[in-house]
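Q:
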Amino acid sequence: MRKGKPIHRAELLNESDFTIVATYQLEYRGLVNYYRMAYNLHTLQKLKWVMEQSLTKTLAHKFKISVRKVYKEYQTELDVNGKKYKGLQVMVPREGKKPLVATWGGIPLTWDVAAPIEDEIERYHWKRSELEQRLLAQVCEQCGATRMTAKIEVHHIRALKDLQLYDGREKPQWVQIMAARRRKTLVLCHTCHGDIQHGRPPRRHKVSRSRT
């Protein structure tokens, strides 16, 4: 923000449009998840507007085009559980496979008192195309499953120091992987991501099998 108005983020200008959109979505999703149990969760709609203005201005600044043209180029309709949302979308084509998709929007502001708290709010900054390369590899970085045909997801933590919270007790597999790689992100299949979020141990399976 500058003088009360959303502005572009200079630190993201060297990233691809895919990474820029994915970064904003991950940050916003983390905030929504963190406040999911708040009865006034709907007030985050104003934050969404501010972040969307910043996102579109970042893309406009990167490609030296107008914000209106950004909307014309990237705007799409998202279908989430049967409900329609306006959003932005970037697709990375893959030969013989479904394209990778980064979207902005489509996150319902639904109050849920039983929702698990996911303290994963952080600014994400990857080397250019690193995220795309890891996603394009289509390998779950926890279980090793390949040929994932459905959702490929990214788990993220606030800071590497958070991994030290497990000192003195057995560390889950995902913590060991992130600590060894010194990364705050982990590319996962949908099953492994769900296991991590709900504190379940990883499930055994054949590495060569497709996983969703």
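With positions in the sequence shown counted from 1, the corresponding number in the numbering used here is that position plus 8. All residues carry an ideal CB built from backbone N, CA and C; glycine is no exception.
#1: Between I165, T193, S24 and L173, which lies nearest to H69 when the distance is taken from Cα to Cα?
#2: Rounding to the nearest angstrom, what Cα-Cα distance links R189 and V147 in this structure?
#3: On the CB-based measure, 16 or more other CB atoms within 10 Å of its CB, does E19 come out buried or exposed?
#4: Quick one: any contact between the stretch 86–99 and the stretch 42–50, if contact means 3 or more CB pairs under 8 Å?
#5: Go ahead and label Q53 buried or exposed: buried means 16 or more other beta carbons lie within 10 angstroms of its beta carbon, across all protein chains shown.
#6: So what does DSSP say about T193, is it helix, strand or coil?
#7: Should T118 go down as buried or exposed, given a rule of 16 or more other Cβ atoms within 10 Å for buried?
#8: Considering only residues of the same chain and omitting the five flanking positions on each side of A110, which have a CB-CB separation below 6 Å?
#9: Between P116 and K65, is the Cβ-Cβ spacing less than 8 Å?
#10: Tell me, to the nearest whole angstrom, how far the beta carbon of P210 is from that of C151; I am working on the premise that it is less than 8 Å.
#11: Leaving out the 5 sequence neighbours to the left and right, which residues in its chain are closer than 7 Å to Y36 when beta-carbon positions are compared?
#12: What's the gap between the Cα of F71 and the Cα of Q181?
#13: Does DSSP put T5 in a helix, a strand or coil?
A: Short version:
#1: Against the sequence shown, residue 69 aligns to sequence position 61. Among I165, T193, S24 and L173, the Cα nearest to that of H69 belongs to S24.
#2: For the purposes of this step, residue 189 is identified with residue 181 of the sequence shown, where counting begins at 1. For the purposes of this step, residue 147 is identified with residue 139 of the sequence shown, where counting begins at 1. So the two alpha carbons sit approximately 16 Å from each other.
#3: Translated into positions along the sequence shown, residue 19 becomes position 11. E19 is exposed by the Cβ-count criterion.
#4: no
#5: Within the sequence shown, the letter at position 45 stands for residue 53. Q53 should be labelled exposed.
#6: The residue labelled residue 193 in the question sits at position 185 within the sequence shown. The answer is strand: DSSP assigns T193 an E or B state.
#7: By 1-based counting over the sequence shown, the position of residue 118 is 110. Per the 10 Å Cβ criterion, exposed.
#8: One-based indexing of the sequence shown puts residue 110 at position 102. Only F26, V29, A30 and V98 meet the Cβ criterion.
#9: Position 108 of the sequence shown, counted from the start, is the residue given in the question as residue 116. Position 57 of the sequence shown, counted from the start, is the residue given in the question as residue 65. Going by C-beta atoms, P116 is not nearer than 8 Å to K65.
#10: Indexing the sequence shown from 1 puts residue 210 at position 202. Indexing the sequence shown from 1 puts residue 151 at position 143. Contact flag correct, Cβ pair sits at about 6 Å.
#11: One-based indexing of the sequence shown puts residue 36 at position 28. Closer than 7 Å at the Cβ level, and outside the excluded window around Y36, lie K56, M59 and I115.
#12: Taking the sequence shown and counting its residues from 1, the one referred to as residue 71 is at position 63. Taking the sequence shown and counting its residues from 1, the one referred to as residue 181 is at position 173. Cα-Cα distance, rounded: 41 Å.
#13: The question about residue 5 has no answer, for the chain in this structure spans 9 to 220.
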